[in-house]
Amino acid sequence: MKQIGGRLVMSLVITLVAMYSQALAQDPVAAPQFRSRSEYSAERRKTENAFPEVARALRTLHLPPDKMREAEAKLMRSEVETRAAREELQSLIQKAEGQEYNTRSDSARVTELRANLQKSTDQLHSEIKTLLTPQQRGQFDKYLRRQIRERGSRPSDSR
Numbered sequence: 233m234k235q236i237g238g239r240l241v242m243s244l245v246i247t248l249v250a251m252y253s254q255a256l257a258q259d260p261v262a263a264p265q266f267r268s269r270s271e272y273s274a275e276r277r278k279t280e281n282a283f284p285e286v287a288r289a290l291r292t293l294h295l296p297p298d299k300m301r302e303a304e305a306k307l308m309r310s311e312v313e314t315r316a317a318r319e320e321l322q323s324l325i326q327k328a329e330g331q332e333y334n335t336r337s338d339s340a341r342v343t344e345l346r347a348n349l350q351k352s353t354d355q356l357h358s359e360i361k362t363l364l365t366p367q368q369r370g371q372f373d374k375y376l377r378r379q380i381r382e383r384g385s386r387p388s389d390s391r
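Under the numbering used here, the first residue of the sequence shown is numbered 233, with each subsequent residue one higher.
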């Protein structure tokens with residue numbers, strides 16, 4: 233009798249683990265899978281470099297691990313989606329500094345890229361706020377406003 237009960241419990245545990253694993257695999261919000269820890273670290277650095285204020289704001293909120301994973305997944309997705317636009321904008325800015333800048337067309341493209349990146353950033357902020365409590369949303373907004381104010385008050389040559 234003990235063997236039958238033990239087998240039943242074991243088969244239930246295996247079934248539950250398999251179901252949970254399948255649910256995690258199908259979760260679109262789950263963090264991306266990486267082949268190695270160094271690959272994960274490299275992607276995380278790219279994400280933090282792309283959205284430093286958001287990454288720092290999230291760390292100050294002390295989110296539970298599941299919410300932090302969701303937020304990191306949203307950050308990584310947004311970083312990947314905006315990478316080409318950010319690289320093009322950086323290239324155009326470097327061209328301007330080297331006087332290889334086609335004033336009208338490049339200026340229009342810079343304006344367009346900045347507007348699109350701002351829309352993406354606003355969307356990211358909205359998506360992250362859905363994970364937060366009302367109090368955390370207020371802290372998140374306050375932190376971002378302070379960061380923007382501090383960035384705006386720096387001398388232009390230290391940016």
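Virtual Cβ for every residue (Gly too), placed ideally from N, Cα, C.
Keep in mind that this is a model prediction, so the values were computed, not measured.
Cβ neighbours of residue i in the same chain (closer than 8 angstroms, five flanking residues each side left out)
| i | result |
| --- | --- |
| Tyr375 | Glu285, Arg288, Ala289, Thr292 |
| Glu313 | Ser352 |
Span of the alpha helix (DSSP H) around residue i
| i | result |
| --- | --- |
| Pro284 | 284-293 |
| Ser339 | 335-361 |
| Ser310 | 297-329 |
Residue i and residue j closer than 8 angstroms at C-beta
| i | j | result |
| --- | --- | --- |
| Thr392 | Leu307 | Since the first residue of the chain shown is 233 and the last is 391, residue 392 is not available in this structure. |
| Leu363 | Ala317 | no |
| Phe283 | Glu329 | no |
| Leu184 | Arg341 | For the chain, the structure presents residues 233 to 391; residue 184 sits outside this window and is missing. |
Other residues of its chain near residue i: CB distance less than 7 angstroms, five sequence neighbours each side excluded
| i | result |
| --- | --- |
| Gln368 | Leu293 |
| Ser348 | The displayed chain sequence assigns Asn, not Ser, to residue 348. Closer than 7 angstroms at the Cβ level, and outside the excluded window around Asn348, lie Ala317. |
| Glu382 | none |
Distance between beta carbons of residue j and residue i, contact taken as under 8 angstroms
| i | j | result |
| --- | --- | --- |
| Ile380 | Ala303 | Their Cβ separation, rounded to whole angstroms, is 19 angstroms, which puts Ile380 and Ala303 out of contact at 8 angstroms. |
Residues of its chain near residue i, where Cβ-Cβ distance is below 6 angstroms and the 5 sequence neighbours each way are ignored
| i | result |
| --- | --- |
| Asp259 | Reliability fails at Asp259, whose pLDDT of 46 lies under 50, so the model's placement of it is uncertain and the value that follows must be treated cautiously. So the list is empty, once near-sequence residues are dropped. |
| Gly384 | none |
| Asp338 | Leu324 |
Closer than 8 angstroms to chain D by CB, residue i
| i | result |
| --- | --- |
| Gln355 | Judged by its chain identifiers, the structure shown contains no chain D, having just a single protein chain. |
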